[in-house]
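Just so we're aligned, residue 95 is where the sequence shown starts under the working numbering, counting upward by one. To keep things clear, I will list the structure first and then write my remarks on it.
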Amino acid sequence: MKNNDLCMDRRTFVKMAATVAGFVALGRYSKLGGIASAAPITLTPYTDPLFIPPVLDGAGGSELSISMDVYSNHSFHSVLPPAKATWGYGGAPFLGPTIEAKKGVPTSVRFINNIPDNPHPTNAVDTAFLMGMETMHDVRLIPHLHGGFSAPQFDGHPQAWFTQSGAHGEHYYSSASATAAANEAVLEYTNDQDATNIWYHDHGMGITRLNVYMGLAGEYFVRDNYDTGIPGLGLNIPKGNYEVPIVIQDRMLDLDDLSPTYGSLVYPVKPAGNDCINKVWLPEFFGDIPIVNGTAWPYLNVEPRRYRLRLLDGSNARFYQLWFEKQGTTPVTMPFYLIGMEQGLMPKPMKLNTILMAPGERADIIIDFTGLANGTAIILKNRAPAPYPMGGDVPIPEIMKFVVQANPASPPDSTAVPPAIPGWPAFTSLIPPTYNWTTPAPAGIPTRDIVLKEQLETCSLGEIPLRVLLNNKFFRDPIEETPTQNTVEIWQYINLTPDAHPMHMHLVKFQVLNRQMINHVKYFADWQAWLNGVGARPVLNNYLLGRPIRPTAEETGYKDTAKAFPAQVLRVISKFDIPKGSMVLSEYATGNENTGPERDYYNYVHHCHIIEHEDNEMMRPFGVIPVP
Numbered sequence: 095m096k097n098n099d100l101c102m103d104r105r106t107f108v109k110m111a112a113t114v115a116g117f118v119a120l121g122r123y124s125k126l127g128g129i130a131s132a133a134p135i136t137l138t139p140y141t142d143p144l145f146i147p148p149v150l151d152g153a154g155g156s157e158l159s160i161s162m163d164v165y166s167n168h169s170f171h172s173v174l175p176p177a178k179a180t181w182g183y184g185g186a187p188f189l190g191p192t193i194e195a196k197k198g199v200p201t202s203v204r205f206i207n208n209i210p211d212n213p214h215p216t217n218a219v220d221t222a223f224l225m226g227m228e229t230m231h232d233v234r235l236i237p238h239l240h241g242g243f244s245a246p247q248f249d250g251h252p253q254a255w256f257t258q259s260g261a262h263g264e265h266y267y268s269s270a271s272a273t274a275a276a277n278e279a280v281l282e283y284t285n286d287q288d289a290t291n292i293w294y295h296d297h298g299m300g301i302t303r304l305n306v307y308m309g310l311a312g313e314y315f316v317r318d319n320y321d322t323g324i325p326g327l328g329l330n331i332p333k334g335n336y337e338v339p340i341v342i343q344d345r346m347l348d349l350d351d352l353s354p355t356y357g358s359l360v361y362p363v364k365p366a367g368n369d370c371i372n373k374v375w376l377p378e379f380f381g382d383i384p385i386v387n388g389t390a391w392p393y394l395n396v397e398p399r400r401y402r403l404r405l406l407d408g409s410n411a412r413f414y415q416l417w418f419e420k421q422g423t424t425p426v427t428m429p430f431y432l433i434g435m436e437q438g439l440m441p442k443p444m445k446l447n448t449i450l451m452a453p454g455e456r457a458d459i460i461i462d463f464t465g466l467a468n469g470t471a472i473i474l475k476n477r478a479p480a481p482y483p484m485g486g487d488v489p490i491p492e493i494m495k496f497v498v499q500a501n502p503a504s505p506p507d508s509t510a511v512p513p514a515i516p517g518w519p520a521f522t523s524l525i526p527p528t529y530n531w532t533t534p535a536p537a538g539i540p541t542r543d544i545v546l547k548e549q550l551e552t553c554s555l556g557e558i559p560l561r562v563l564l565n566n567k568f569f570r571d572p573i574e575e576t577p578t579q580n581t582v583e584i585w586q587y588i589n590l591t592p593d594a595h596p597m598h599m600h601l602v603k604f605q606v607l608n609r610q611m612i613n614h615v616k617y618f619a620d621w622q623a624w625l626n627g628v629g630a631r632p633v634l635n636n637y638l639l640g641r642p643i644r645p646t647a648e649e650t651g652y653k654d655t656a657k658a659f660p661a662q663v664l665r666v667i668s669k670f671d672i673p674k675g676s677m678v679l680s681e682y683a684t685g686n687e688n689t690g691p692e693r694d695y696y697n698y699v700h701h702c703h704i705i706e707h708e709d710n711e712m713m714r715p716f717g718v719i720p721v722p
């Protein structure tokens with residue numbers, strides 16, 4: 095066995111991905127990489143209605159109580175029996191309720207872990223990860239409010255996990271304002287941010303991919319005086335029944351009706367007996383069945399009027415290039431208006447025909463079904479390759495269907511016609527108005543380089559991924575990124591891998607400044623030489639090609655997750671504000687980490703949101719240095 099640091103070309107990666115797909119040829123599961131059982135049950139798309147999650151009031155002043163439980167009553171399709179086990183938040187058998195909060199009004203949530211510690215139902219926990227996995231319980235949970243402006247002790251740090259039996263990670267903290275049992279954590283969210291669509295999901299160390307796969311995710315809407323969610327107040331946009339959350343995920347199901355796990359989730363692993371370092375972990379998961387709000391290929395009846403759709407790519411690794419196609423003799427692409435992204439409303443509504451979404455990203459859109467006849471069908475379609483951008487594995491060309499059905503009892507649609515929506519809020523940019531995209535970055539703003547690089551290993555299964563690192567550092571290595579509170583920085587994600595990576599920063603909202611092509615072959619060679627003690631660390635400006643590329647139209651607003659494409663540098667600009675009531679690490683954490691300089695920092699993490707990568711070292715802590 096050997097461990098190689100390599101920069102793969104796409105042919106190598108696709109060959110390797112095909113090998114990985116072969117690991118799951120078990121003869122009874124839904125397709126993965128073109129492999130299927132001899133006679134699987136066929137799931138007919140658009141048989142079941144879209145489930146709309148219930149709403150919890152997070153602005154009422156009372157503590158919310160949300161348990162995390164195991165369920166055996168959830169069916170992903172009406173032809174299937176209930177899955178043997180799914181996980182859910184707050185009484186939902188899969189996913190969780192939508193929490194509605196209000197800007198400036200704190201929300202307190204008591205999360206209760208009722209899920210047994212061992213074993214994990216996916217049987218996919220890999221204790222070989224270099225993140226302390228061998229000493230942890232199989233089922234360790236910690237909710238993270240993705241996109242929330244949260245104090246570090248409430249952020250859902252992966253080491254803040256807690257178990258049903260009462261074991262705790264070294265960053266575990268529960269609010270001092272309430273008493274919590276050992277299997278509980280009371281987390282407080284400031285909601286000190288503009289209206290936006292954020293989401294909550296599990297973030298347990300080394301098993302985020304598995305816990306989210308089982309169902310631990312849900313939407314979280316922050317409202318303000320513009321986006322109120324209340325008819326007659328704020329912006330005149332679709333509300334109530336005409337505002338629909340849509341969580342898109344891909345899954346793999348056991349479709350063998352003779353199997354004891356018929357209808358259940360399947361998560362593939364490496365075959366037993368291999369001599370690889372990671373005995374279980376696969377580098378990316380791509381299912382062959384789209385699951386929307388917990389249902390396979392659902393449909394939604396819509397009235398001939400405008401709708402607001404709150405889209406979330408909640409998949410483990412799959413990108414989606416989405417568009418709406420009106421069915422008929424000649425299918426027609428329907429345009430829509432993008433009004434918001436991860437961190438709030440856009441500078442102005444954008445008319446689009448398609449949008450590319452990566453795991454963790456959200457899109458807030460308005461689509462107009464006005465004038466369409468009863469029975470008209472519109473398919474939400476997808477043409478993104480997997481892996482993105484040049485893979486060829488497991489396509490999912492269709493996601494869900496909308497069917498027009500007029501309702502004579504409904505009032506007429508009086509919402510504003512985009513893009514002319516009166517009262518649209520002003521947008522304040524972090525990008526200096528003098529910057530014109532002819533130079534890599536505005537002068538005078540500190541920059542940090544973060545290099546994305548894959549490591550491979552050669553074992554009995556061939557040459558396969560071992561892990562992906564940021565700056566060649568492991569998660570438990572000392573903190574290197576230490577911005578000072580209230581300062582603005584530009585982070586440069588330099589992608590030397592064949593995949594696109596959705597990079598997510600906790601705490602901050604950021605803007606995509608630009609992207610730029612790099613001579614990645616030369617950079618990689620010089621980077622590897624430096625790691626081996628030869629020469630100096632590469633200076634990015636010496637490897638740049640061409641001029642900076644402006645962000646796409648859908649990236650002009652504030653975000654918390656952005657795509658780093660192969661052979662490019664992604665530049666994001668952010669201000670490191672800190673919420674009121676934040677604690678430095680030494681005020682709440684225990685364990686070995688509480689010994690170095692980081693004990694006096696506000697501790698957060700940044701990582702790839704392909705969560706198979708995040709679980710296996712493509713995540714690093716950063717520390718914000720407090721100011722008096």
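Even glycine gets a Cβ: it sits at the ideal position worked out from N, Cα and C.
Taking a 10 Å sphere around the C-beta of Q499, we find fewer than 16 other C-beta atoms and assign the residue as exposed. When secondary structure is reduced to three states using DSSP, P246 falls in the helix class.
Under the Cβ criterion (8 angstroms, minimum of three pairs), the stretch 610-627 does not count as touching the stretch 494-513. No residue range can be given for T581, since it is assigned to no beta strand (DSSP E) and is classified by DSSP as neither H nor E. Secondary structure remark: continuous alpha helix (DSSP H) runs of at least 4 residues inside the stretch 139-169: none found. Closest option to K364, judged by alpha-carbon separation, among Y356, W375 and I371: W375.
Boundaries of the alpha helix (DSSP H) harbouring V615: H614 to L625, taken from the DSSP string. Closest by C-alpha distance to K196, out of A186, T322, G185 and G300, is T322. The Cβ neighbour count for N387, taken over all protein chains shown within 10 Å, is at least 16; the residue is labelled buried. Between P392 and L144, the C-beta spacing is below 8 angstroms. Between L359 and M308, the beta carbon gap of about 7 angstroms places them in contact (Cβ cut-off 8 angstroms). Secondary structure note for T302: its alpha helix (DSSP H) is the uninterrupted segment T302 to M308.
For H238, the closest of I292, F568 and T424 by C-alpha to C-alpha distance is I292. The beta carbon of N277 is closer than 8 angstroms to those of I206, N207, N208, F256, T257, Q258, S259 and G260 in its chain, skipping five residues each way along the sequence. D344 is bridged by DSSP to P384.
The beta-carbon distance between I588 and V545, rounded to whole angstroms, is 5 angstroms. This is short enough to meet the 8 angstroms contact definition. For the stretch 453-531, the continuous beta strand (DSSP E) assignments of 3+ residues that do not extend past its boundaries occur at 456-462, 471-476 and 492-498, in sequence order. Of all C-beta pairs linking the stretch 531-546 to the stretch 414-433, fewer than three are shorter than 8 angstroms, placing the two stretches out of contact. Judged by beta-carbon spacing, A222 lies within the 8 angstroms limit of N372, meaning their Cβ atoms are closer than that value.
In terms of CA proximity to Q253, A683 leads the group G717, I719 and A683. Contact between T655 and P441 does not hold, since the beta-carbon distance rounds to 19 angstroms and is not under 8 angstroms.
Around the CB of L625, fewer than 16 other CB atoms lie within 10 Å, so the residue is classed as exposed. Counting every other CB atom within 10 Å of its CB across the protein chains shown gives D151 a total below 16, marking it as exposed. Counting of Cβ neighbours within 10 angstroms places I146 among the exposed residues, the total staying below 16. Counting C-beta pairs closer than 8 angstroms gives three or more between the stretch 660-673 and the stretch 576-596, which meets the contact rule. In the DSSP annotation of this structure, the continuous segment of the alpha helix (DSSP H) that includes E706 starts and ends at I705 to D709. Taking a contact to require three or more Cβ pairs closer than 8 angstroms, the stretch 326-333 and the stretch 505-524 qualify as touching.
C-alpha of P362 to C-alpha of T216: approximately 8 angstroms in a straight line. Judged by DSSP in its simplified three-state form, R631 adopts coil rather than helix or strand. Closest option to L474, judged by alpha-carbon separation, among D487, A467, A480 and P491: P491. The beta carbon of N335 is closer than 6 angstroms to none in its chain, skipping five residues each way along the sequence.
Here L555 really is in contact with C370; their C-beta atoms are around 6 angstroms apart, less than 8 angstroms.
Going by beta carbons, P592 and P660 fall inside the 8 angstroms limit. Relative to L439, the option among F243, K653, L564 and R561 whose CA is nearest is K653. N476 counts as buried, since no fewer than 16 other beta carbons sit within 10 angstroms of its beta carbon. At least 8 angstroms separates the beta-carbon of Y294 from that of A279.
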